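Q: What follows is a structure written as structure tokens; I'll ask about it next.
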Amino acid sequence: MTKAERADDLVDSLVADLAPVRARRAWRDGALVLGLALVELTLVLTMSRPRPDMMVAMHGPMFWWKMASCLVLALTGGVAAVLALDPAGAPRRWWTGLAVVGAVAVAVLLGTSMDMPEGLAARLDWREGVLCAGLTLAYALPMALLLTWLARRAAPTRPRLVAWAAGLGSAGWGAFAFAWSCWHDDPLYVVIWYGGAVLLCAVLARVLLVRLIRW
Amino acid sequence: MMVAAQAGDRTAYRQLLDQLRDWLTRYYRRRLPADSLDDAVQDALVAIHSKRHTYDSGRPFGPWLAAIARYKWIDRLRTMRARPTEMLPEGDHAVPDALVTADAGSAVLSANVLAGLLATLRPAQADAIRLVKLDGLSIEEASAASGQSPALVKVNIHRGLAKLMRLVEGFGENDEG
Chain S
453 MTKAERADDL VDSLVADLAP VRARRAWRDG ALVLGLALVE LTLVLTMSRP
503 RPDMMVAMHG PMFWWKMASC LVLALTGGVA AVLALDPAGA PRRWWTGLAV
553 VGAVAVAVLL GTSMDMPEGL AARLDWREGV LCAGLTLAYA LPMALLLTWL
603 ARRAAPTRPR LVAWAAGLGS AGWGAFAFAW SCWHDDPLYV VIWYGGAVLL
653 CAVLARVLLV RLIRW
Chain W
4 MMVAAQAGDR TAYRQLLDQL RDWLTRYYRR RLPADSLDDA VQDALVAIHS
54 KRHTYDSGRP FGPWLAAIAR YKWIDRLRTM RARPTEMLPE GDHAVPDALV
104 TADAGSAVLS ANVLAGLLAT LRPAQADAIR LVKLDGLSIE EASAASGQSP
154 ALVKVNIHRG LAKLMRLVEG FGENDEG
């Protein structure tokens, strides 16, 4: 069999295998991500115990910094991940935005933490911190699974970018959802434990997701 | 034509694949060694086939095609660098766990079962699986032995194993029910 005949053979095989498909739309993937995010947030807010000092905390700036940082990280990462699923997408600007947002959030939180008078060990409260980091990761899992499923269905031509964005986005959303019931607002605590969970989730996504979404 | 192909129009799809084959040949001729050209073109055609649903008809076709061709080109370069003799990657082409046995007795039983299962596949798929997964030949050797192109060997292994997996899982569900 010549090379041309083999190629013809392959084309015949592919044509014979043709079945109608539903074209992927980025907005549909985005709607799925948004839907899951809202369902998870609703479940968290209705089923978990809110922090006891919520009304007091909402009058302080650190509560809003914590929530805003997590939310912006989730939004930027989620949008970047969905855009990066398009083979011909141009998500580089989202990646740049993600890096800027993360850097600004960490810088602001670290800068604010310098004014705190308490001791380091007390501020970090490692027992609670490990629990917070673990729960942040657990809350990130549904979004990470959805983004993995979407990525496997799509044709991402930048798997590493998708993996980082999906890891950061799902971790950001996990942190945002969990933060409603976490009473810690100390910026150092937030940076170490929330930041550690986000970083761990991103690294895990980078290591595991890339293997799963290559095609 | 891709929009028609997404709707299941085989005539349009054949025309499209013929045109894409020419375009991909020109694309890879400038980027790969001559002996990799045909495999690269066929890999890209298989990728376009399996990812055709990701084309959005509201956007130009060219950038979508170029992105897929480039991705498969980089993939091939990575494979050439990492594996001088091409081997099947794990994942989609791996033998399903359900077909792997742990001891000699069950291996004999499994061989009989496997022979029966292979008989349910199309001959080309059964040949590809037998040559690569059971006889241990490389893709190239299996291609030479079967007369199928390397890309077609991969396609047949992938589809054959997927069908076997469905059969095996079906047996499991029936046993439980």
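In the order they appear, the protein sequences are chains S and W. FYI, in the working numbering the residues of the first sequence are 453 to 667. FYI, in the working numbering the residues of the second sequence are 4 to 180. Where is the CB? At the ideal position from N, CA and C, for every residue including glycine. All values reported here derive from a predicted model rather than from experimental measurement.
(1) For residue 71/W, return the contacting residues in chain S, with the cut-off set at a CB-CB distance below 8 Å.
(2) Along chain W, which residues have their Cβ under 8 Å away from the Cβ of residue 463/S?
(3) Is it true that the stretch 570-582 of chain S meets the stretch 637-657 of chain S, where meeting means three or more beta-carbon pairs spaced less than 8 Å apart?
(4) Of all Cβ atoms in chain S, is any one closer than 8 Å to the Cβ of residue 31/W?
(5) On the three-pair Cβ rule with 8 Å, is the stretch 596-613 of chain S touching the stretch 653-661 of chain S?
(6) Looking at the structure shown, is residue 124/W part of a helix, part of a strand, or coil, going by DSSP?
(7) Hey, how far is the Cα of residue 466/S from the Cα of residue 55/W?
(8) I need the DSSP call for residue 473/S, collapsed to helix, strand or coil.
(9) How is residue 140/W classed by DSSP in three states: helix, strand or coil?
(10) Measure the CB-CB distance between residue 645/S and residue 584/S and report whether it falls below 8 Å.
(11) Counting only Cβ pairs nearer than 7 Å, list the residues of chain W close to residue 601/S.
(12) Does the distance from the C-beta atom of residue 627/S to that of residue 654/S stay below 8 Å?
(13) From this set, 24/W, 16/W and 44/W, which residue's C-alpha is nearest residue 470/S's C-alpha?
(14) Taking residue 152/W and residue 45/W to be in contact with their CB atoms under 8 Å, please state how far apart those CB atoms are, rounded to whole angstroms.
(15) What is the C-beta distance between residue 167/W and residue 120/W, in whole angstroms, given that I count them as a contact (C-beta under 8 Å)?
(16) Could you give the DSSP three-state label for residue 39/W: helix, strand or coil?
(17) Is the Cβ of residue 470/S closer than 8 Å to any Cβ of chain W?
(18) What number of angstroms, rounded off, separates the C-alpha of residue 58/W from the C-alpha of residue 579/S?
(19) Hey, out of 70/W, 147/W and 60/W, whose CA is closest to residue 6/W's CA?
(20) Which value, in whole angstroms, describes the spacing of the CA atoms of residue 491/S and residue 47/W?
(21) Within 8 Å (strictly less), CB to CB, does residue 158/W reach chain S?
(22) Suppose contacts are defined by Cβ-Cβ distances below 8 Å. Is residue 535/S in contact with residue 608/S by that definition?
(23) Please classify residue 510/S as buried or exposed, where buried requires at least 16 neighbouring CB atoms within 10 angstroms.
(24) For residue 130/W, which residues in the same chain have their Cβ closer than 7 Å to its Cβ, ignoring the five residues on either side in sequence?
(25) Flag residue 484/S as yes if its beta-carbon sits less than 8 Å from any beta-carbon of chain W, otherwise no.
(26) From what residue to what residue does the alpha helix (DSSP H) around residue 665/S run?
A: So, to answer that:
(1) When 8 Å is used as the limit between beta carbons, residue 71/W is near these residues of chain S: 539, 607 and 609, in chain order.
(2) For residue 463/S, the residues of chain W that pass the 8 Å Cβ criterion are 17, 20, 21, 24 and 48, in the order they occur in the chain.
(3) Verdict: yes, contact present.
(4) No, no contact with chain S.
(5) The answer is yes - the stretch 653-661 of chain S touches the stretch 596-613 of chain S, with three or more Cβ pairs under 8 Å.
(6) DSSP places residue 124/W in coil when its eight states are reduced to three.
(7) Spanning the two alpha carbons is a distance of roughly 12 Å.
(8) Correct three-state label for residue 473/S: coil.
(9) Coil.
(10) Yes, they are a contact pair.
(11) Annotation: residue 601/S has no Cβ neighbours in chain W at a cutoff of 7 Å; minimum Cβ distance is about 14 Å.
(12) Their beta carbons are not under 8 Å apart, which means residue 627/S does not touch residue 654/S by this criterion.
(13) Comparing Cα positions, the closest option is 16/W.
(14) Between residue 45/W and residue 152/W the Cβ distance is about 6 Å, and since that is below 8 Å, they are a contact.
(15) Indeed, because the Cβ distance is near 5 Å, the residues count as touching under 8 Å.
(16) DSSP places residue 39/W in the helix class (H, G or I) of the three-state scheme.
(17) The C-beta of residue 470/S comes closer than 8 Å to at least one C-beta of chain W.
(18) Between residue 58/W and residue 579/S, the C-alpha separation is close to 49 Å.
(19) Nearest option by C-alpha distance: 60/W.
(20) One C-alpha to the other measures close to 39 Å.
(21) Interface residue, yes.
(22) No, the pair does not count as a contact, with Cβ atoms beyond the cut-off.
(23) An exposed status is given to residue 510/S, since fewer than 16 other beta-carbon atoms sit within 10 Å of its beta-carbon.
(24) Annotation for residue 130/W: 149 place their beta carbon closer than 7 Å to its own, counting only its chain and skipping 5 residues before and after.
(25) No, its Cβ sits nowhere closer than 8 Å to a Cβ of chain W.
(26) 662-665 is the extent of the alpha helix (DSSP H) around residue 665/S.
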